[in-house]
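**Q**
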Amino acid sequence: MTTPVETSGISDRVRGVALPVAILLGVFGAHRFYVGKTGTGLLMLGTIGGMGLWWLYDLILIVAGEFRDAEGRRVVRWSASDPGPESRRWFGPQSGATQEELEALRADVADLAERVDFMERLLTQARERGALPPR
915 MTTPVETSGI SDRVRGVALP VAILLGVFGA HRFYVGKTGT GLLMLGTIGG MGLWWLYDLI
975 LIVAGEFRDA EGRRVVRWSA SDPGPESRRW FGPQSGATQE ELEALRADVA DLAERVDFME
1035 RLLTQARERG ALPPR
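With positions in the sequence shown counted from 1, the corresponding number in my numbering is that position plus 914.
#1: May I ask you to report which of helix, strand or coil DSSP gives Arg982?
#2: Could you give the first and the last residue of the continuous alpha helix (DSSP H) run that contains Pro934?
#3: Would you identify the three-state DSSP class for Arg987, choosing helix, strand or coil?
#4: Ignore the nearest five residues each way along the sequence and tell me which others in Gly930's own chain have a CB closer than 7 Å to its CB.
#5: Using C-beta distances below 7 Å, list every residue in its chain close to Val935, excluding the 5 sequence neighbours before and after it, in chain order.
#6: For the alpha helix (DSSP H) holding Gly964, just list the boundary residues, first then last.
#7: Compute the Euclidean distance between the alpha carbons of Asp1050 and Glu1014, then round it to the nearest angstrom.
#8: State the CB to CB distance for the pair Gly963 and Gly940, rounded to an integer number of angstroms; the pair is presumed to be in contact (CB under 8 Å).
#9: Just the Cα atoms here: how many angstroms apart are Ile976 and Gly960?
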């Protein structure tokens, strides 16, 4: 049986664990062992993190959320309870309440735009009549 995490391309490994492990023991490849990459973990162990360069590269990938586990899935979740970035998409599926709030906000912005347009026309008419000083 597969979980939603497995089918979505997001690793079941947690970035909140991988990052501190990489910071503390990354030159020995501990973060690679954590995500199941034992072969490259052993290479990092033997080369002391590629003399620090490979370790630094992996550290940047982990922080950016682009580090991948042994099965090629991205390690992006900060905790085990974090659903991942798919649930935070702006244009993805939204709840009914969120959709209603968004529509109300759009109506308010349209109303404000109309009011600003109306005030600009009134000010222009007042300037043309000489009731206001020119700009």
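For every residue, glycine included, the Cβ atom is placed at its ideal position computed from N, Cα and C.
Owing to the predicted nature of the structure, the values given are computational and were not obtained by experimental measurement.
**A** Short version:
#1: As a position in the sequence shown, residue 982 is number 68, starting the count at 1. Strand.
#2: Numbered from 1 along the sequence shown, position 20 holds the residue referred to as residue 934. That run of the alpha helix (DSSP H) goes 929-939.
#3: Looking up residue 987 in the sequence shown gives position 73. Correct three-state label for Arg987: coil.
#4: As a first step, residue 930 is located in the sequence shown; it is residue number 16 there, counting from the start. Answer for Gly930: Trp992, Ser993, listed in chain order.
#5: Stepping through the sequence shown from its first residue, residue 935 is reached at position 21. Closer than 7 Å at the Cβ level, and outside the excluded window around Val935, lie Ala944, His945, Tyr948.
#6: Within the sequence shown, residue 964 is the residue found at index 50, counting from 1. First-last of the alpha helix (DSSP H) with Gly964: 952-965.
#7: Given that the chain is displayed from residue 915 to residue 1049, the structure contains no residue 1050 and the question cannot be resolved.
#8: On the sequence shown, residue 963 is found 49 positions in, with the first residue counted as 1. On the sequence shown, residue 940 is found 26 positions in, with the first residue counted as 1. About 6 Å; that satisfies the 8 Å criterion.
#9: Your numbering for residue 976 matches position 62 in the sequence shown. Your numbering for residue 960 matches position 46 in the sequence shown. Approximately 21 Å between the Cα atoms of the pair.
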